[in-house]
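Here is the structure we will look at.
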Amino acid sequence: MNTSGAGGEPSGPGWTFLTNHSHVLICITEDDSARSRDIAARVGITERAVYRIVTDLCDAGYVTKIREGRRNRYVAHLDLPLRHQVEGHCTASALLKTVRRQPLAAAVKAVPTINRNRQTMSIPPDAALRLLREGNRRFRADPYIETGALEGHAGLGELSSRQVPFAAVLGCSDSRVPVEVVFGQGPGRLFVVRVAGNVVTPSQLGSLEFAVVQLGVRLIVVLGHSGCGAIEATLAGMVYGDSSEPNGHLGSITGRISRALLNAPRGDDQGGLPEMDEAVRLNVNQSHADLGCESSILAERIGSGDLKVVGAVYELESGRVEFVADAPHETKPMSGVPE
Ligand SMILES: [Zn+2]
Numbered sequence: 001m002n003t004s005g006a007g008g009e010p011s012g013p014g015w016t017f018l019t020n021h022s023h024v025l026i027c028i029t030e031d032d033s034a035r036s037r038d039i040a041a042r043v044g045i046t047e048r049a050v051y052r053i054v055t056d057l058c059d060a061g062y063v064t065k066i067r068e069g070r071r072n073r074y075v076a077h078l079d080l081p082l083r084h085q086v087e088g089h090c091t092a093s094a095l096l097k098t099v100r101r102q103p104l105a106a107a108v109k110a111v112p113t114i115n116r117n118r119q120t121m122s123i124p125p126d127a128a129l130r131l132l133r134e135g136n137r138r139f140r141a142d143p144y145i146e147t148g149a150l151e152g153h154a155g156l157g158e159l160s161s162r163q164v165p166f167a168a169v170l171g172c173s174d175s176r177v178p179v180e181v182v183f184g185q186g187p188g189r190l191f192v193v194r195v196a197g198n199v200v201t202p203s204q205l206g207s208l209e210f211a212v213v214q215l216g217v218r219l220i221v222v223l224g225h226s227g228c229g230a231i232e233a234t235l236a237g238m239v240y241g242d243s244s245e246p247n248g249h250l251g252s253i254t255g256r257i258s259r260a261l262l263n264a265p266r267g268d269d270q271g272g273l274p275e276m277d278e279a280v281r282l283n284v285n286q287s288h289a290d291l292g293c294e295s296s297i298l299a300e301r302i303g304s305g306d307l308k309v310v311g312a313v314y315e316l317e318s319g320r321v322e323f324v325a326d327a328p329h330e331t332k333p334m335s336g337v338p339e
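Residue 339 is where the sequence shown ends in my numbering, and the numbering goes up by one at each step.
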């Protein structure tokens, strides 16, 4: 009896050190277009068991399945920790580096161009969130890790023909908040839209709609940060009437941010305006709400549960990303604010 994992047929040794989930993951990282029947034969389980295991791996965020014509292709996300408490300190990547017959980089093959039949089984939102949390933990442990050493770093050849980002991020342009870096991700992993103050404009909406509709992204993070200059400028203008900045186009940004800040509870010592940290959070909430209010495409998918939007704040001092409540506070509509 094969006691090594879920749904196995009797075959092979009586027991093994790795589960069939590991065996299947090894197979599809060695051949990203392996057929279910070949995986089943190699692992010693049924095709039905392979299907269940691949579904588990997709649901947990370790794999994205892409339907291309009649074949499946798999993209592995190996920077997640293993699931059992005994091995949870180790990533899937570390495990596979140990047990695979060939180096991970050697498994990268020529990949087809994107075609009309392409369908992506994208990483579920909660699994994508886990990848981001784990990536930020790695960044805080080693903020100066070389880009080429980032987990999930794909070869340029592979990326030249397709992209399968597992999340989209609307972040600020601030040079101290490089989004991919603070989430520990290499090229091809995140679809990033950056604009001062992480405000929502039609251009940003169109970009994010593209990520969701064309690339299958199911998680959008609105990422604000401490010490945001755009918010400081907005507060200065609102508190002191400092209008030195909006001569150019900056007013199109501060106007949007001020709308968020005017929602703050009154009665504090800034003439009714929030403190800086609170202002950052309010602005994240405003952009979060705008995504759902201003885009019917995003709103429909949020409503069906296919898409999740979360707010987050990056702390400059610690490098930590703190995810904030899912539901934005009461916000004002975007209409009337210039692009
Ligand atoms: Zn900023």
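Don't be surprised by glycine CBs; every beta carbon is placed ideally from N, CA and C.
May I ask you to check if the CB of residue i is nearer than 8 Å to at least one heavy atom of ligand 1?
i	result
residue 228	yes
residue 196	yes
residue 174	yes
residue 224	yes
residue 177	yes
residue 231	yes
Tell me the DSSP secondary structure of residue i in three-state form.
i	result
residue 74	strand
residue 134	helix
residue 187	coil
residue 46	coil
residue 51	helix
residue 282	helix
residue 171	strand
residue 194	strand
residue 210	helix
residue 178	coil
residue 105	The predicted position of residue 105 is uncertain, since its pLDDT is 49 and thus under 50; no value can be drawn from it.
residue 81	strand
residue 427	The structure shown has nothing for residue 427, since the chain only spans 1 to 339.
residue 127	helix
residue 215	coil
residue 140	helix
residue 312	strand
residue 68	strand
residue 321	strand
residue 19	coil
residue 254	helix
residue 89	coil
residue 223	strand
residue 199	coil
residue 99	helix
residue 14	coil
Tell me which same chain residues have a C-beta within less than 7 Å of the C-beta of residue i, skipping the five on either side of it?
i	result
residue 295	205, 209
residue 207	193
residue 65	54, 58, 72, 74, 121
residue 253	196, 197, 199, 230
residue 36	47, 50, 51
residue 34	27, 28
Spatial neighbours of residue i within its chain, please: CB distance less than 8 Å, with the 5 preceding and 5 following residues excluded, ordered by chain position.
i	result
residue 136	182, 183, 184, 319, 320, 321
residue 165	188, 189, 190, 191, 211, 215, 217
residue 226	276, 277, 280, 313, 314, 315, 316, 317
residue 324	281, 284, 285, 310, 311, 312, 313
residue 213	297
residue 101	30
Write down the C-beta distance between residue i and residue j rounded to the nearest angstrom, noting that I regard them as a contact closer than 8 Å.
i	j	result
residue 311	residue 280	In fact, because the Cβ distance is near 10 Å, the residues do not count as touching under 8 Å.
residue 340	residue 172	This structure gives no information on residue 340, because the portion of the chain shown stretches from 1 to 339.
residue 78	residue 91	6 Å
residue 76	residue 127	Going by Cβ atoms, the distance from residue 76 to residue 127 rounds to 13 Å, so no, they are not a contact pair.
residue 63	residue 28	7 Å
residue 80	residue 134	6 Å
For residue i, which residues of its own chain have a beta-carbon under 6 Å away from its beta-carbon, when the five flanking residues on both sides are left out?
i	result
residue 14	none
residue 221	169, 310, 312
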